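In my numbering, the protein residues as written are 7 to 343. Structure record follows, encoded as structure tokens.
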């Protein structure tokens, strides 16, 4: 009888987990439903990270041929300081623009542990084409091989390089935005903080697509879709070199741990209401607003993390990306083509 108890307990827990997942799936907007959501996937080990990286690499290769017509893409190796490696950066430049134009420094997602700029070929080339601006997509170093502050240093270095080479790039140094998706959005928020504190790298606008802002988030949600609390905890541990929620006194390690939000650039933050990052995004937007920073906070009902990649043609996903691009246009003072 005693041997049956553990089996019964395991069965009960498994049943509860399935019930919780079904309940969460019922909250997804009908147009964003997808069979992929039925299969829980999480980063929980170095082995699962290797698998995740292979999947992302495959996605990046598929996206390689999806650059919008009328946009040239080239690779720049941005010099680094001392013994640090140069930062590979993809530069998207519309064939028809009037320099000096605005620019966007874009940082890809992937939990700070995977991803590459090629995965955002369609989005970055679309932004460049529709807004007639230059987009620089950064191949920043990833944890756990390169924990904080490596990825942030790479991103700030590209921002500084863009300022130093504004004339050659044909961009207006007073109209440079920083942005990114998920982990890249959180990194972009940290870049904006660094730029504000330095004072010599003006940033006009922050474009934060469901940003990963707070390492304390795993406490809040156990049933998120696509990017789970388990993945989030693994990724933050790899990036910070210690478990999340522990004391973290290093500036810019986690954007939400900043105390003083005064002087930060205007921002757009967009997220779904069932995204793991919803609460931290809402809190960050509220703190920006309380500090006098202009902020637009867009919440999409029934949208999970990365939904526009899973169901790109769904009206909610289309409207979400359209709204993001419109916010960037307003933020850097351009009109859409």
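Don't be surprised by glycine CBs; every beta carbon is placed ideally from N, CA and C. Predicted, not measured: the structure shown is a model, and the values here were computed from it.
Does the beta-carbon distance from residue i to residue j come in below 9 Å?
| i | j | result |
| --- | --- | --- |
| residue 278 | residue 308 | yes |
| residue 116 | residue 165 | no |
| residue 208 | residue 169 | yes |
| residue 273 | residue 213 | yes |
| residue 181 | residue 138 | no |
| residue 310 | residue 285 | no |
| residue 101 | residue 73 | no |
| residue 64 | residue 118 | no |
| residue 69 | residue 128 | yes |
| residue 143 | residue 216 | no |
| residue 141 | residue 109 | yes |
| residue 113 | residue 66 | no |
| residue 185 | residue 43 | no |
| residue 314 | residue 327 | yes |
| residue 79 | residue 131 | yes |
I'd like to confirm the pairing. Which residues does DSSP put opposite residue i in its beta bridges?
| i | result |
| --- | --- |
| residue 131 | Bridge partners of residue 131: none, in fact. |
| residue 99 | 78 |
| residue 94 | 83 |
| residue 340 | None, per the DSSP bridge assignment. |
| residue 107 | 177 |
| residue 143 | 96, 112 |
| residue 211 | 183, 272 |
| residue 278 | 306 |
Whose CA, out of the options, lies closest to the CA of residue i?
| i | options | result |
| --- | --- | --- |
| residue 122 | 95, 343, 210 | 95 |
| residue 88 | 159, 120, 108 | 159 |
| residue 325 | 340, 100, 341, 304 | 304 |
| residue 240 | 98, 33, 53, 172 | 53 |
| residue 175 | 220, 111, 320, 340 | 111 |
| residue 312 | 199, 218, 263 | 218 |
| residue 152 | 184, 244, 318 | 244 |
| residue 223 | 50, 173, 315, 237 | 237 |
| residue 249 | 220, 265, 232 | 220 |
| residue 90 | 179, 34, 59, 156 | 156 |
| residue 45 | 37, 31, 263 | 31 |
| residue 154 | 131, 187, 197, 178 | 197 |
Say yes only if the C-beta of residue i is nearer than 8 Å to one or more non-hydrogen atoms of the ligand HEM, and no if none qualify.
| i | result |
| --- | --- |
| residue 180 | What this structure holds is no ligand at all, so the ligand HEM is not there to describe. |
Count the CB pairs spanning the segment 299-318 and the segment 263-281 that are closer than 8 Å, and state whether there are at least three. By the Cβ criterion, the segment 299-318 is in contact with the segment 263-281, since at least three pairs of Cβ atoms, one from each stretch, lie closer than 8 Å.
Check: For the 8 Å Cβ check, are there 3 or more pairs between the segment 252-259 and the segment 287-297?
Finding: no
- Entirely within the segment 211-266 and at least 4 residues each: give me those alpha helix (DSSP H) ranges in chain order. 235-246
What beta strand (DSSP E) runs, 3 residues minimum, are completely inside the segment 295-343? 301-306
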